[in-house]
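Novice: The structure follows.
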Amino acid sequence: MGVPHTAPVHTRRADAVPLRQVVPSLLRDPAQALVEFGERSRGEVVKLNLGSFRPYLVTRPEHLQQVLREKAANYVRAGDGLQWRPLKRLFGEGILSDGEYWSNSRHILQPLFTARRIDNLVDRLAEAIEDAVDELDAPARAGQPVDMGTEQARIVCSAIMRVFFADKISVPDAMKIMQAQDAIAWSVMPRIIVPWAPLAVPMPGDRAFRRAVRLIDDTLMPIVRASRETAESDGDDIISTLWRGRTEDGSRLDERQVRNDTVAMVATTTETTISVLTWLWPHIEQDPLIAERLYEEIDRVVGDAPVRREHLRELRYTRQVLDELLRLYPIGWLFPRRAVEADVLGGVRIEAGSTLVVSPLITHRMSMFWDRPEVFDPDRFAPERARSRHRYAHFPFGGGPHQCLGMHLFYLEATLIVATLLSRYRFRLQRPAVPGIKVAAALRPLERVELTLRPVRSAAA
Numbered sequence: 259m260g261v262p263h264t265a266p267v268h269t270r271r272a273d274a275v276p277l278r279q280v281v282p283s284l285l286r287d288p289a290q291a292l293v294e295f296g297e298r299s300r301g302e303v304v305k306l307n308l309g310s311f312r313p314y315l316v317t318r319p320e321h322l323q324q325v326l327r328e329k330a331a332n333y334v335r336a337g338d339g340l341q342w343r344p345l346k347r348l349f350g351e352g353i354l355s356d357g358e359y360w361s362n363s364r365h366i367l368q369p370l371f372t373a374r375r376i377d378n379l380v381d382r383l384a385e386a387i388e389d390a391v392d393e394l395d396a397p398a399r400a401g402q403p404v405d406m407g408t409e410q411a412r413i414v415c416s417a418i419m420r421v422f423f424a425d426k427i428s429v430p431d432a433m434k435i436m437q438a439q440d441a442i443a444w445s446v447m448p449r450i451i452v453p454w455a456p457l458a459v460p461m462p463g464d465r466a467f468r469r470a471v472r473l474i475d476d477t478l479m480p481i482v483r484a485s486r487e488t489a490e491s492d493g494d495d496i497i498s499t500l501w502r503g504r505t506e507d508g509s510r511l512d513e514r515q516v517r518n519d520t521v522a523m524v525a526t527t528t529e530t531t532i533s534v535l536t537w538l539w540p541h542i543e544q545d546p547l548i549a550e551r552l553y554e555e556i557d558r559v560v561g562d563a564p565v566r567r568e569h570l571r572e573l574r575y576t577r578q579v580l581d582e583l584l585r586l587y588p589i590g591w592l593f594p595r596r597a598v599e600a601d602v603l604g605g606v607r608i609e610a611g612s613t614l615v616v617s618p619l620i621t622h623r624m625s626m627f628w629d630r631p632e633v634f635d636p637d638r639f640a641p642e643r644a645r646s647r648h649r650y651a652h653f654p655f656g657g658g659p660h661q662c663l664g665m666h667l668f669y670l671e672a673t674l675i676v677a678t679l680l681s682r683y684r685f686r687l688q689r690p691a692v693p694g695i696k697v698a699a700a701l702r703p704l705e706r707v708e709l710t711l712r713p714v715r716s717a718a719a
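Quick note: the sequence shown uses my numbering, first residue 259, plus one each step.
Here is the structure:
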């Protein structure tokens, strides 16, 4: 690929942000430090000085479009550093890797996640979510506080395991896997912060990581192996589809890759919805006008009826609220890329083999791209304002060929959960504050969000 013929004649080297400024602030408050690096870069391509490791920080939407879409063949997933290398020990080669393994897995799985197919599953998802939300009636009537992170995990697992895994994975097993994924997200942080450390060198978190991976494999591998025998006669659940599917050259996936993709799909179909919605409740309690608009829309569109497919298109403000949550809390907060060949990006020469840091968390909170970026304002995504914004100013699911397969699923599932909960309950937070961000392999709330629900419509009604 090399340097494009249209590249500027005069290229420059990116200035490096000094090591003494980068590492201490990353250790103290990673989320705030990353945003500050973005602000100081002013949208220019710069280097972060992490000792022997000096990745380029890319924040400007025009540059992101080149890296993620227009020149995606040259900027591949950085599987040997940053986020991917430690996580690859869990997910292996498959849908979350690159090259031939990724291509084969995507070829098999993509038909399960087309917008048309997901739309056809809406009512089944809605019924599963409604059944799971029914279980909140008892604590709501007793005035008993609930942990919304835990409850959302249960609701999401109930729906996803029924609709996408044909109940082959039970909800208790899925919840165990969620807990293991949470442990993994924290355990890999030392390796993400110190990406140059060899995997052979022991680090804090390694033992917890191995325990969690063992628990996931002990739970999923018997299910994966049993599904092989019935895959031809089973329906189109994810595990059977992986066993039945054929790659682009007509071959079948081996057991290891079916395992890798099953683990990846359990994670990607659940984690975003669970984590992102946890921040919803404190934000709407802090702003009564946003809460009032959300309640009014859901009451007007849904009323006393169960939430169904025909309601979703009318829940426009609900969608804006979800987009604003994803702006502030993109679970896929880091998309590292590696340059296969030398290139020029924003007038800066990128050497072959260089790592690029692409982070929605940074770009989404930069003041040069967003007015008052620290404020929760769903009206940013009103159609008239959204149309004037660059496509890659808001990219919580990535972009280009590696854009997350589950994007459409997230919006449907999250809308169904929010509309079902708020059509049946009002709530009061135990601690009325927006939790900070814990930066892990995926973003997590710094504190639990506990609230008391008050029924406005019962399951029986």
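C-beta atoms are modelled at their ideal positions from N, C-alpha and C, and glycine is treated no differently.
Just to confirm the assignment, what range does the beta strand (DSSP E) spanning residue 713 have?
Specialist: Note, residue 713: beta strand (DSSP E), 708 to 713.
Novice: Taking the straight line between their C-alpha atoms, what separation do you get for residue 369 and residue 514?
Specialist: So the alpha carbons of these two residues sit roughly 21 Å apart.
Novice: Which residue marks the beginning of the alpha helix (DSSP H) containing residue 482, and which one marks its end?
Specialist: First-last of the alpha helix (DSSP H) with residue 482: 464 to 488.
Novice: Let me check one thing: in DSSP terms, what residues is residue 685 bridge-paired to?
Specialist: According to DSSP, which records beta bridges pairwise, residue 685 is partnered with 711.
Novice: Would you check if the distance between the CB atom of residue 707 and the CB atom of residue 419 is smaller than 8 Å?
Specialist: No. Outside cutoff.
Novice: Let's see if you can read the secondary structure: which residues bound the alpha helix (DSSP H) around residue 579?
Specialist: It spans 574 to 586 - the alpha helix (DSSP H) in which residue 579 sits, taken as one unbroken run.
Novice: Is it true that the CB of residue 454 sits closer than 8 Å to the CB of residue 617?
Specialist: Their beta carbons are not under 8 Å apart, which means residue 617 does not touch residue 454 by this criterion.
Novice: Distance, Cα to Cα, residue 314 vs residue 597?
Specialist: Whole-angstrom Cα-Cα distance: 10 Å.
Novice: Taking its Cβ as the centre, do 16 or more other Cβ atoms sit within 10 Å of residue 583, making it buried, or is it exposed?
Specialist: The residue in question, residue 583, is buried, as its Cβ has 16 or more Cβ neighbours within 10 Å.
Novice: If we call anything under 8 Å between Cβ atoms a contact, is residue 639 one with residue 581?
Specialist: In contact: residue 639 and residue 581 (Cβ atoms closer than 8 Å).
Novice: Taking residue 589 as part of the alpha helix (DSSP H), name the residues at either end of that continuous run.
Specialist: Premise fails: residue 589 is in no alpha helix (DSSP H) and is neither H nor E.
Novice: With DSSP run on the structure shown, which of helix, strand or coil describes residue 434?
Specialist: Three-state DSSP puts residue 434 in a helix.
Novice: With a CB to CB cut of under 8 Å and the five nearest residues on each side skipped, what residues in its chain are close to residue 393?
Specialist: These residues qualify, in order along the chain: 412.
Novice: Using C-beta distances below 7 Å, list every residue in its chain close to residue 433, excluding the 5 sequence neighbours before and after it, in chain order.
Specialist: Around residue 433: 411, 412 and 415.
Novice: Suppose you measure from the CA of residue 649 to the CA of residue 322; what does that come to, to the nearest Å?
Specialist: Distance between the alpha carbons of residue 649 and residue 322: 10 Å.
Novice: Tell me, which residues are paired with residue 607 by DSSP?
Specialist: DSSP lists 602 as partners of residue 607.
Novice: Measuring CB atoms only, is the stretch 618 to 628 touching the stretch 568 to 582, in the sense that at least three cross pairs come out at less than 8 Å?
Specialist: Not touching, per the Cβ criterion.
Novice: For the stretch 604 to 616 and the stretch 553 to 572, state whether three or more C-beta atom pairs, one from each stretch, are separated by less than 8 Å.
Specialist: At 8 Å Cβ cutoff, the stretches do not touch.
Novice: Do you know offhand how far residue 710's Cα is from residue 490's?
Specialist: Computed Cα separation, rounded: 47 Å.
Novice: If you follow the beta strand (DSSP E) that residue 613 is part of, which residue opens it and which one closes it?
Specialist: Residue 613 -> beta strand (DSSP E) spans 613 to 616.
Novice: Counting Cβ pairs, one atom from each stretch, are 3 or more of them under 8 Å apart for the stretch 560 to 568 and the stretch 382 to 391?
Specialist: The stretch 560 to 568 vs the stretch 382 to 391: in contact.
Novice: So, helix, strand or coil for residue 675, using DSSP?
Specialist: Note: residue 675 maps to helix in three-state DSSP.
Novice: With distance defined between alpha-carbon atoms, name the residue in 675, 447 and 464 nearest to residue 696.
Specialist: With distances taken between Cα atoms, residue 696 lies closest to 447.
Novice: By the three-class DSSP mapping on this structure, what secondary structure does residue 663 have?
Specialist: It is coil, neither helix nor strand.
Novice: Using only CA atoms, which one of 328, 401, 316 and 523 lies nearest to residue 594?
Specialist: Comparing Cα positions, the closest option is 316.
Novice: Can you name, in chain order, every residue of its own chain whose Cβ lies under 6 Å from the Cβ of residue 359, other than the five neighbours on each side?
Specialist: So the qualifying residues of the chain are 351 and 352.
Novice: Keeping to the same chain, check which residues put their C-beta closer than 8 Å to that of residue 375; ignore five residues upstream and five downstream.
Specialist: Cβ within range, chain order: 369.
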